[in-house]
Each structure stands twice: as C-alpha cells, then as structure tokens.
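Here the structure is laid out as structure tokens; the discussion comes afterwards.
Dropping the structure here:
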C-alpha cells in the first residue's frame, strides 16, 4: 500500500503582524483542512514558505502540526536545504519531531548532475529512519528529476514516493508506468488545475496549494475521480481552475511567488481562517484592491456569499 | 575610495578524507594567495562551496581566515542563504567573526521580483554595520540583478559594491557607467577569462576561482592592466584562458559544478597546496585520469615542471 | 460545429534515395491513414519536415494529398514561414491548391510581442478565404501563444481553432474553458502521450506524429474516449506511450528532431509503408542498430510480428 | 589576409508608406555609411529585417546594394533560411547577384545537433563559389554554434569567418585563440557595446546595427583601437553605449525586435537619412513620443543639434 494517497495540501504558514508564525491561525488552518476530509498534510513545503523560516521555527511548526493533527492523518514535512548534509541534519530534526515522511529536493544553488542527485538521495535515505519522498520542483531548484533518476531511486527503495511539481506530465506519466508494478510506490501531482488528468493516468494523490482555500473542493474532486464520475469530476476541476485564477490578481505588481501564496493567504483571510495575508520579507502582500478582486472570485466559485 | 579593488580570489575550502574542512590546508591556501600578492580574500563564496557548510562551520571558516590573514588584506565573506531573515542572521555572525564586508545574493528557491529584491537588500543593509556587496550570480540564484536594481541600491548606499558573475558584460558595463561618478562604488567581475576586457571598461577588480590555482597570474594580469600594457595583459590573460580549460576535463562525467571546483582542487593538490581534491557530498571528485590531464594543462601553462 | 475533430495525423513526407519526395510512398501513407479511420489530415506540419521543402514542392505535396484523399476527409496544411507577408503568399498557394484550412504559427527568427502576434494573425486572416488554425509550438518558434492571445483571436474570428504543441496543458485547459461556449471553436493537442487527459478536458482532437506509425491505435483511443470507457482508453494510451519510446532510440547520436521523425520513418519502413527512412539534409537517419531496436518496440506493442 | 575586417554595418532596409523597400532611401543609407568610412557592408542581416522579405526582393536588395556601392567596399549578404537546401538555393541567387561572401546561420525552426550543423555548413560550402561566413545568433536561431563546431568548420575551410551575435564573449575568445595561427580566418562581433573589448581580444571587426545611425562613431572607435589609444577608445565606446540606450525607448510597448530596429530607423529618419521609420508587418513602429525621446538621445550624444 502506498504510504500516502488522496488530497494532501501543502499547509500555508500564517503570520501575525510582527511577521512571526501565528500558531492560533495555524491551528485553524489544520482543522479547516482536516474537517474537509483531506487525507494527509504536507508542512514546510514551498507553499508553506519553508525557506523563509529558520531551523528552530521549522521544528516548532512541525511539532505544532503534529500535536494539532493528533494522529487524525499522516504528515509529511518538507526538508528544503541546498545540499546533502544540511538536508540530513534538518531531516533528523523533522524525524525527531514526529513526521511520517520527509520530502526532499535535488540540491540547489550548487549545480549537480543526475548521478550526483541519485547519490544525494541515497545518502539522505541512509541517514534516516522515516521514508523519503522526492520533490521535483525545477522552478525552485533549477534541475529536473529525470525519469531515470526517479525510477532508479524508487526501485532501490531510496525513495518511497514522488511529489511532482515539474509541470511535465509526460515525464510524470512514464514514471507512473515504470513503477506501476510496485504497490508501495506513490506519486502525487503538485498541480492545482490538471488533477483529474493526473489521477486518470494513475497518480495516487494531489498536493494542491489551492487546497488551503478550498479543501472540500479537492476532496470532492478526489472522490468523484475514485467513483469514476468523469463528467462531474471535470466540472469540479473547472470550478477549481476558475478559483485558481486568483494567483494572477497581483501580477505583475508582485513576483509570481508572492502572487500565488499571497492570493491563498488573502482568500483564507476573507474566509476567516487566518488573521493576516502577510508573507515573510521581502515578499509583497496583496493590497486592498487585489483582495477585493479575490473576493469576487471567491463569490463566483461559491466560497463566499 | 572603493572598499576593495584588485585581485580577490574566492578561497577554495579544502577537505580531508573524512569530508571535514582541512584547516591546515586552508591555511596553506591563504598563505599561497597572500604570498602571490592578492589584494583581498573572498571566503564562503560559490567556489568555497559555501552552501555545503552548516552555520557553525561557516563561522569557523571565517574565524580561521581572519586569524590566518592577520590583517594583511581585507576579507569579505559570502552570506549565502535563500531569504532575508536567514541572510541577516548569518550576516551578523559573519560580522561578529570579523569580516570587512559581506556578499549577498538575491533570494533563491523562492521567486522574487526586482522591487522585492531591492527591499531584500535594504532590510539586510539596515540590520548590519559592515558594508554589503551585491552578488549577481543567476546561474545559482535563478534571478538576474537588473541594472536598475543594482544602481538604485548603490545610489542609496544600500550596497557598497557589486560582484558580477552573471556573464552579461553589457549590463555590467552600463552599471559601471551609471556609477562612474561615485568614487566609493566598486564592481568586480567574477569571470576568469574576460578580465582584461572588464578592467578595460572600468571594473575595479576580479574575483577569479582560478586565482586559487594561479594567483600570481591574476596579480600579474592586474598589474599589466594598471600599467596600460595591453599587449602583455592580453598574452597573460590568454595563458590563463588555456589554464582555465581544466574546468572541462571531467565533463560530462561530473556536473559543471564539480567539474570547475573539482578541477581547481585537483590542480591545487598537484601543486602541493592542499591534500585532497574532495568536494562535499554528493559532488564527484575528479579521477586519476582526469587529474593527469590537468597536470598536462599545468605543465603547458608553466605551473608545473 | 468545429471544422475539425478527432484524429488528424501530421502526415510524414517520405523521401527517395535522391532526397526527393517519394510520391508513391506518400500515397501509401495517406491510404494507410485513411484506411485506419483517421478524421482528417494535416500536411506540411513540423512532422512533415515542412521547412525543408521549397514552395514549389510544398504546393505539389498539397496537390498530391488533395488528389489522393479524394475528399474522403478534410485536409489542413501547415503554412510555416517566418513572417506575415511570406505566410500570406504561401497560404494563398495552399488555398489555391485546395486545402480546407491553413495552420499558421507566430512569426519566428524575428522577435515579436503578443500584440504583434495578434496583428500577424489578423493580417493573415484578412488575406485569405479559408479558415486559419493557430499553431502553438514554442519549441520551434521560440514564442508561446499566450492564453489571452489565442482567446482574443478566437473570439473575433481571426482563428477557427488551435493546434497546441506547447506542452503547457494548464494553459490549454484555460483556453478550452474560455472558449467552451463557442460551438465552432476547436482545439487539438499535439501530444502523443497525454491524449486521454486532453480529450478529458474537452479537446476536440489530436494531431499525433506517432499516428503515422499506428493510426488505428489513435482512432481506437479516440473512440474509447468518446464512449467514456476510461479504463480501456488509459490502457490504449499507455500502449501508445510505450510505442512512443522509439523517439529516444537514436539520442544523443542525433538531434531531438531527427530522433523523432527519424524513428517514425524507420518504423513506417519496417511496416512496409514507405521505402526509406531518410530525412532531408542535414538530418541524420537512424542506423541499422537503431532500426532493430525500433523493431523490438514495434513487436512489443503489437505492430510487428 | 582576412576577407573582411573593420566596421561592417548590417544595412537597414528602409520602407516607404506602402511597406515596400524605399530604394532611394536605401541608396542614401549606403552612401551615408560609405562616406563615414566603413570597411564593408552586410546586407540582408537580422537588422536588415531579412526574414520579412521574399526571395525576389532579397535579390533586388543585393543588386541595388552592389550597384550603389560600386566596388567601393566589399559586401556580404545574409542568406537566412531555415534549412540546408533553401539556404543553398538562396545563396546561389546572392552569389549570382554579385556579393563577395554569404552569411549563413545554423538551421532553425527544426532542431539540429552540432554534428548536423557541421554537415549543414559543409553542404552549403560545397554548393557555392563565394566564401561562407558562419552567423552565430542563438536569440533568433535557438541554437548556439559551439566552439568546436566553429573551429572544425574553420580549420577545414568550410567557413571563412564568424559573425558572433551570441553574447558569449568567453566562447568567442576561445574561438579567436584556437584560430589565431590562421591568417585568413576572421571573426567579428555583433555587439554594439563591447567592441573595444572584442577588438582587444583579437576580433577582426564589428557588425553593429547601431552603425547605421552613427557609422563615424564606430569607424572612430575602430581607428582608436587600431592605434592603441585605449582611453580614447573607451570614451568613444561609452558615448556609443549611451546612444545605444535608444533600443529600450519603446519597451515594453513593442517587442525587443521592433524596439531595436525601430529605434535605429527612427533615429535615421531624424537624421534625414531615410523617409519613414516603418518596419514590415506586424512589427510596431515607434510613435511620436518615443521618437522625441530618441531625438533627446541623439542630441545628448552629439548627433543632432
């Protein structure tokens, strides 16, 4: 059985006005997700703004998530650091804090080859007890996990699964086909807008940033796909696509990064889940006019009255 | 007067067989550079494999460099971390350890805009006492420091200088022209092979990774350019270009990253400066055959008999 | 009703040993496709190696295709030229030769903006009587047709449809959603390996280069998707994905371009449809060993005994 | 002796209000360049908007240039077509029209490998009597001519020289070093703003689009570099850099392509050399406000009173 399947949102990290983690809001986010029926939680991913938080804060975020979740679902934690030894050090802290698996990218800032990336994951695997999930996110890391890299690591057991945020669904499909005979391997898409297609080719789940805003929508989409109700699944996916248009509202005034996470936080504030829409410095928060446009989208997609 | 000028090599960080920093070799590297007459040292840059070292090691590297240098030249230290607060935290440690300036990149892993990058440098500047040098290295960071970004920051005093490893010498020239009236601003090229051209358009110095192997060559090149002996400068630069061919010896067996720093370390081992050519995991060291080809290059360029 | 729907292969252009178009083989290709039940033909696309043929040859290819098809299905023709006036001139020839629509890219070699691309299609539209289909193929053209560009052109009637070979299925989905209310607009994917997903989000057809090798497979896939038999469609798509692996057989000995079309031609030669696997100069044909590996793939996927 | 050296501007192709070539203005452009002392002419390059003109017009442009030049300097002509046979066909026309050499790029639209590119140039070489100059312009073609490709072709005599518009001056320098022993090979930079540096590393000339606006400036820069007056050369180059800022005036309203050539045409109109600033469809001409800003630049750099 795969370790994870279903809807596993990358949990947004809310801040207070002093730019510290707002744990009260964070608890509300977790309950909001679990009440909606999500199947797991992914803390400290890119959507969680993981690279903005120091190691002590990262550990505290994990501990808080573990406690608030109380075993209701499994949790995996991103361990995002540029190189092997740093990943191992942070991953041991995450493991000690009680996560069920860690999510690890290829090295970044430095330049590595696919064979070196394979070694990277092997070293990480050897140093840990919890399973390792490979995180393919070239837009942040600068390197693609090639099909052969992922499959080599999966076949030898160095990775238990894959989170694919590469946007290369052709490559993703070949990985799924290559690993189809292994009942334990799992692969999840990081896409918000091509989930029905990804599940249709055998993906085991979805890790949608937008799931912070509308977890029920993604759970519904998952259930419809599981039930084989393709027409209804497509309709639900298209509603979520219209909702996802929020990530363009502040462009080009802000960066793409701020535009996406900033939109999620702004929507969650409108829905009463978190208190501010702030992001860590130097990311620029959405302004009042942009927030109003997001409310319009929330109303049009049935999330706000 | 500019804070730095001349030849300021990014100091290689030698390792022992246990992949720990070999401080005995490190001392030899520093003396090797200072004996050759370099004008400053840049520790914890990309060539120093900074992102492979944890914070405690980084501080120790700085302290060792400061002590070994003993005030003979000024030292700047790379503070390479993905986001603003992490940079500030590390930069304060570097400052406390006695560096004369810190070198800071745009945020990485996350995606930021030029206005957000400007804010990033402002926040870093406000938090520190030592000068900040902007480090433009899109091949690692994924973002270019645009001309207007650099010039805005320089004019308001948020940065004291620029280290340009972008490969975009046209943009570099415009920055130099925009800042020509400011006697304090300085800009250094990170190129090994276009130094005469960069100095010819007004650059204040060079930060050559290859300077670890042949610091005398770069000092000679600098002196010839200062003296206006263009023909001799070109000849010396071309000899250094032939020496620089070492960075292709292990391609495509290793990554570009390993091929470059690995070649420098291998050459330095041949020259008796450091004990191993190892790089931190997962980087692949050059093998015996590749080392022999590097020796051939060292002999052809007069560094080895 | 959309002008085109279903399976519309981009027809391979076979050559004889003198590198001239082999019209006998070409007729066999067309019959091979029509006998398999394809719903239209796309001549002079990228897979047809259109840019290797001069204008006189292009016209002759169209005329031959029109005659051989004899009205059994509709035909659209690629009009691939760098700039507006050249496209118009060639498109008029294609129109005179009897095609049902022309397929036009953004300008290439030169650099244009999205507003200039919109004007380009408007000028082409004004100059012709036949419908214009926009061809989004950034890997050849260097520019992406942005969603707003395509939708603007579609809404004002400048284009009748879209052939999307961009690999950006998220953007493709938004175009489909934006145009869903228009019963005449159609959008077809150029992907060989994500067809079930594309049809599942509302695409009106597929233009698969691999359809030259196995047109029955793509017709079957289309029929299964139309019938809503998702499981069988996925199985057929996965068989076609395994067949598509042929495009990697000659890498990196040849370019990606030669590896793909060269593989199709080699497979078609093995299947007795065309006489040579040659491509126009300077493309390198697959060699005997590579052909043998392609035969293995053909046998494994049921196309060769 | 190299076939070409010195300043060889890529000659702008002026249009009349009906978007036809304005040969009266074209004659004035040629005289304007020759009167300034340029050492050769490059017609039908990217700056000449070559890909917008059909074959008959291209031939007429060459014939007009040959006649107007009357042997005062040598002329080379761009033969810009996507693939080998098309290049050969056009190149024969150019040869027949009397050019002294042709300038040829790697194939475009299609995807080729470096070995295929080498074959491409060999086939072109075999089909012609006039010398072939390789044109490295990845921003238009999508492929870089690698150092080994250029040097292989140069050593076997398939190409007589190189025009480098790649922006990769490191690679350019290595080509110059590799070919330094061959007195016939020549390499020219396509840069407007790094000419002193390029000549300083041994380039044989410059092909500056901006040379249409200020040919005397580039001739002066060439003369100063030849004379070894580095300080005066730098000052002149910096004046030309300030003049070159005109290419940003219409951004982002127009494309980069239109912004550059459009600025040159607008400036030449202000200087009374050509009648309109029009470019072929769909390129957007600079408007009145932008023209006024260009006049300001012309005045600031001493070209307009």
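Residue numbers (our numbering), protein chains in the order written: chain A, 1 to 305; chain B, 1 to 305; chain C, 1 to 305; chain D, 1 to 305.
Glycine included, C-beta positions come from ideal geometry on N, C-alpha and C.
Close beta carbons around residue i, own chain, < 7 Å, minus the five adjacent residues each side
i: residue 295(C); result: 270, 304
i: residue 118(A); result: 149, 152, 153
i: residue 68(C); result: 27, 30
i: residue 219(D); result: 7, 36, 37, 38
i: residue 138(C); result: 144, 166
i: residue 248(D); result: 259
Residue i: first and last residue of the uninterrupted beta strand (DSSP E) it sits in
i: residue 37(D); result: Taken as a continuous stretch (DSSP letters only), residue 37(D) belongs to no beta strand (DSSP E), as it is neither H nor E.
i: residue 188(A); result: 186-189
i: residue 136(A); result: 132-136
i: residue 230(C); result: Premise fails: residue 230(C) lies in the alpha helix (DSSP H), 230-244, not in any beta strand (DSSP E).
i: residue 102(D); result: 101-104
i: residue 157(C); result: Residue 157(C) -> no beta strand (DSSP E), and no H or E assigned at all.
i: residue 75(C); result: 74-78
Beta-carbon proximity check, residue i vs residue j, cutoff 9 Å
i: residue 83(C); j: residue 115(C); result: no
i: residue 23(C); j: residue 64(C); result: yes
i: residue 297(D); j: residue 236(D); result: no
i: residue 281(B); j: residue 19(B); result: yes
i: residue 44(A); j: residue 92(A); result: no
i: residue 110(D); j: residue 140(C); result: yes
i: residue 187(D); j: residue 203(D); result: yes
i: residue 1(B); j: residue 183(B); result: yes
i: residue 302(B); j: residue 239(B); result: yes
i: residue 112(A); j: residue 142(B); result: no
i: residue 230(D); j: residue 200(B); result: yes
Opening and closing residue of the alpha helix (DSSP H) in which residue i lies
i: residue 121(C); result: 114-127
i: residue 254(A); result: Taken as a continuous stretch (DSSP letters only), residue 254(A) belongs to no alpha helix (DSSP H), as it is neither H nor E.
i: residue 60(A); result: 55-69
i: residue 171(B); result: 169-178
i: residue 87(B); result: 84-96
i: residue 3(B); result: Where residue 3(B) is concerned, there is no enclosing alpha helix (DSSP H), given that its DSSP letter is neither H nor E.
i: residue 303(A); result: From DSSP, residue 303(A) is part of no alpha helix (DSSP H); its letter is neither H nor E.
i: residue 223(D); result: 215-227
i: residue 196(A); result: 195-200
Cutoff 6 Å; reference residue i; Cβ partners in own chain excluding five residues on either side
i: residue 198(D); result: 189
i: residue 33(A); result: 9, 215
i: residue 136(A); result: 145, 164, 166
i: residue 274(A); result: 14, 25, 268
Integer-rounded CB distance, given that residue j should sit under 8 Å from residue i
i: residue 41(D); j: residue 73(D); result: 6 Å
i: residue 286(B); j: residue 263(B); result: 7 Å
i: residue 121(B); j: residue 4(B); result: 18 Å between Cβ atoms; not a contact.
i: residue 193(A); j: residue 162(A); result: That pair is no contact at about 19 Å.
i: residue 234(B); j: residue 196(B); result: 6 Å
i: residue 62(D); j: residue 99(D); result: 6 Å
i: residue 266(D); j: residue 232(D); result: Incorrect: roughly 29 Å between the Cβ atoms, too far for contact.
i: residue 52(B); j: residue 85(A); result: 7 Å
Closer than 9 Å to chain G by CB, residue i
i: residue 237(C); result: Considering every chain present, this structure includes no chain G. Its protein chains are A, B, C and D.
Contacts around residue i, its chain only, beta-carbon distance under 8 Å, and the 5 residues preceding and following it disregarded
i: residue 88(D); result: 123, 124, 127, 128
i: residue 261(D); result: 12, 47, 49, 209, 279, 283
i: residue 95(D); result: 102, 128, 129, 130
| query | Can at least three beta-carbon pairs, one atom from the region 208-216 of chain D and one from the region 169-187 of chain D, be found at a separation below 8 Å? | reply | no
| field | the region 4-16 of chain D in contact with the region 32-51 of chain D per 3-pair CB rule at 8 Å | value | yes
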